[in-house]
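Enquirer: Sharing a structure, written as structure tokens. Questions coming.
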Amino acid sequence: MKHATVSAIALLTVVRMAAADVTVRVADATSLKGQGINRLVGHGLVVGLNGTGDGDDYAVTMRALAQTLGNLAAPINALEELKDTRNVALVLLDAIVPENGAREGDRVDVHVSAIGSAKSLAGGRLVVTPLVYADPHVTKVFAFASGPLEIAGASTPTVGLINRGGTIHEDVLMGFTAFGRELPFRNSWIQSDEQYVTLVLDEHHAGWGLAVAIAEAINAELSLAADVERVAMALDPKNVVALVPTFQRGDPASWIRDIEELSVLMPAEEARVTVDRTTGTIAVSGDARISPVIVSQKGMTVIVRTPAADEPRIEQRSFVAVGTDKQVDANVSDLLQALNQLQVPIDDRIAILMQIQKAGKLHAKLVHRE
Numbered sequence: 066m067k068h069a070t071v072s073a074i075a076l077l078t079v080v081r082m083a084a085a086d087v088t089v090r091v092a093d094a095t096s097l098k099g100q101g102i103n104r105l106v107g108h109g110l111v112v113g114l115n116g117t118g119d120g121d122d123y124a125v126t127m128r129a130l131a132q133t134l135g136n137l138a139a140p141i142n143a144l145e146e147l148k149d150t151r152n153v154a155l156v157l158l159d160a161i162v163p164e165n166g167a168r169e170g171d172r173v174d175v176h177v178s179a180i181g182s183a184k185s186l187a188g189g190r191l192v193v194t195p196l197v198y199a200d201p202h203v204t205k206v207f208a209f210a211s212g213p214l215e216i217a218g219a220s221t222p223t224v225g226l227i228n229r230g231g232t233i234h235e236d237v238l239m240g241f242t243a244f245g246r247e248l249p250f251r252n253s254w255i256q257s258d259e260q261y262v263t264l265v266l267d268e269h270h271a272g273w274g275l276a277v278a279i280a281e282a283i284n285a286e287l288s289l290a291a292d293v294e295r296v297a298m299a300l301d302p303k304n305v306v307a308l309v310p311t312f313q314r315g316d317p318a319s320w321i322r323d324i325e326e327l328s329v330l331m332p333a334e335e336a337r338v339t340v341d342r343t344t345g346t347i348a349v350s351g352d353a354r355i356s357p358v359i360v361s362q363k364g365m366t367v368i369v370r371t372p373a374a375d376e377p378r379i380e381q382r383s384f385v386a387v388g389t390d391k392q393v394d395a396n397v398s399d400l401l402q403a404l405n406q407l408q409v410p411i412d413d414r415i416a417i418l419m420q421i422q423k424a425g426k427l428h429a430k431l432v433h434r435e
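Everything in the sequence shown is counted per our numbering, starting at 66 for the first residue and increasing by one.
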């Protein structure tokens, strides 16, 4: 049996196997244009605090409290009447409506954050407060928030949550279809008086390969039912537009369901190595390979070679040798496995990958996330 020795070695044999075909549902790689979170905001008063509120020297809170009491038929003639009030805090409210919308009566969580001089919101209760869209041009009230707070943690006593504390007052509906004239795309296939849905590929799936594959799958499966030659088209790496047939305009839900349930064969994935020093992680996707190269890092030598010795074994001495059993380049995963067995620190692993990239031997995109 052959094995390498020289002062700290990990010699690794990798058996290459054909990658299995991977399919993905359209719904799992895309979202519908118009489908997304909607944020409702507001500002209100938290009362019932145990002396940890803003205090009477915070005039904004005192004015808001005076206005609230006035609305409750308990008018305040002068802010001096609220002297020594320390059980009230002015807060900002933030609620997220689910991506598929909400109907009147639905409940949503409300996040609460103090904006004054309050020391803690513990034990407080939010006075009924209207919530509106985070858009100054939309003034309609869409929900009301109220209820007791749950503090996020001892280290952040001025931030809390009201579980299901927001009640939807007006339906928040999503528009998933649009006429061709309303779309931001210009293409001779898109007709101004036809209706379409736009499938938006998520960040991790966006690319021409999958966008075209989705359009082709829709055309293959649904063009006959729609009685047209083309149902969908990939307009860019992130957007696929699909026609809503005339007979489905009144009830597009089942048509959208049919599109989202289609399975698509994933195209070859981009070779990418993503490193994050903050979290201490290295993620590898696609067929990320390394050509033969030698790198020295802090007294350790990394040797990537092909082919490998017959039945090599892993030893710990002083360099890392990575090889394969065929005349193909080594995979990045092979190298990371060898470095992991030697317990090489994450910063050194990243430095080695960077040196291999600079040498032109890393056949993948190296992405840094700090």
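No residue lacks a Cβ here, since even glycine has one placed at the ideal position from N, Cα and C.
Below 8 Å between beta carbons: does that hold for L407 and L418?
Expert: no
Enquirer: Let me know if A373 comes out buried or exposed under the rule of 16 or more other beta-carbons within 10 Å of its beta-carbon.
Expert: Residue placement at A373 is poorly supported in this model, since its pLDDT is 46, which falls under 50; the coordinates still yield a value, given next. Buried, because 16 or more other Cβ atoms sit within 10 Å of the Cβ of A373.
Enquirer: What is the rounded straight-line gap between the Cα of R370 and the Cα of A243?
Expert: 56 Å
Enquirer: With distances taken between CB atoms, is the gap from S211 to V192 smaller than 8 Å?
Expert: yes
Enquirer: Nearest-angstrom Cα distance between V175 and L144?
Expert: 30 Å
Enquirer: Hey, out of D171, K426, D316, whose CA is closest to E235's CA?
Expert: D171
Enquirer: Just mark G101 as buried or exposed, buried being the case when its beta carbon has 16 or more other beta carbons within 10 Å.
Expert: Note on G101: under 16 other CB atoms within 10 angstroms of its CB, so exposed under the neighbour-count rule.
Enquirer: Using a Cβ-Cβ cut-off of 6 Å (strictly less than) and excluding sequence neighbours within five positions of K98, which residues of its own chain qualify?
Expert: T263, V265
Enquirer: When you compare only the Cα positions, how much space is there between A29 and A208?
Expert: For the chain, the structure presents residues 66 to 435; residue 29 sits outside this window and is missing.
Enquirer: Let me know the beta strand (DSSP E) ranges lying completely inside the region 241–308, each 3 residues or longer, listed in chain order.
Expert: 242–244, 260–266, 297–301
Enquirer: Answer with buried or exposed for F241, where buried requires no fewer than 16 other C-beta atoms within 10 angstroms of its C-beta.
Expert: buried
Enquirer: Is the beta carbon of V91 less than 8 Å from the beta carbon of G166?
Expert: no
Enquirer: Is the CB-CB distance between V340 and I415 below 8 Å?
Expert: yes
Enquirer: What is the C-beta distance between L158 and G189, in whole angstroms, given that I count them as a contact (C-beta under 8 Å)?
Expert: About 13 Å; that fails the 8 Å criterion.
Enquirer: Using the Cβ count rule (16 or more neighbours within 10 Å means buried), how would you classify D399?
Expert: Buried: at least 16 other Cβ atoms inside 10 Å.
Enquirer: Closest to V177 by CA distance: which of T133, N142, Q132, L226 is it?
Expert: V177 has its Cα closest to that of L226, out of T133, N142, Q132, L226.
Enquirer: Along the chain, where does the alpha helix (DSSP H) that runs through R404 open and close?
Expert: A small correction: the amino acid at residue 404 is Leu; Arg does not occupy that position in the sequence shown. Its alpha helix (DSSP H) spans residues 397–406.
Enquirer: With distances taken between CB atoms, is the gap from Y123 to S185 smaller than 8 Å?
Expert: no
Enquirer: Restricting to Cα atoms, I'd like to know which of S356, P410, N396, A395 is closest to K423.
Expert: When S356, P410, N396, A395 are compared, the shortest CA-CA separation from K423 is found for S356.
Enquirer: Return the first residue and the last residue of the beta strand (DSSP E) that I227 is part of.
Expert: 221–233
Enquirer: For A290, which option in R246, A217, D323 has the closest C-alpha, if you only look at C-alpha atoms?
Expert: D323
Enquirer: When the Cα of T150 is compared with those of T126, V173, R337, which residue comes out closest?
Expert: Taking only the C-alpha atoms, the option nearest T150 is T126.
Enquirer: Return helix, strand or coil for R90, following the three-state DSSP convention.
Expert: strand
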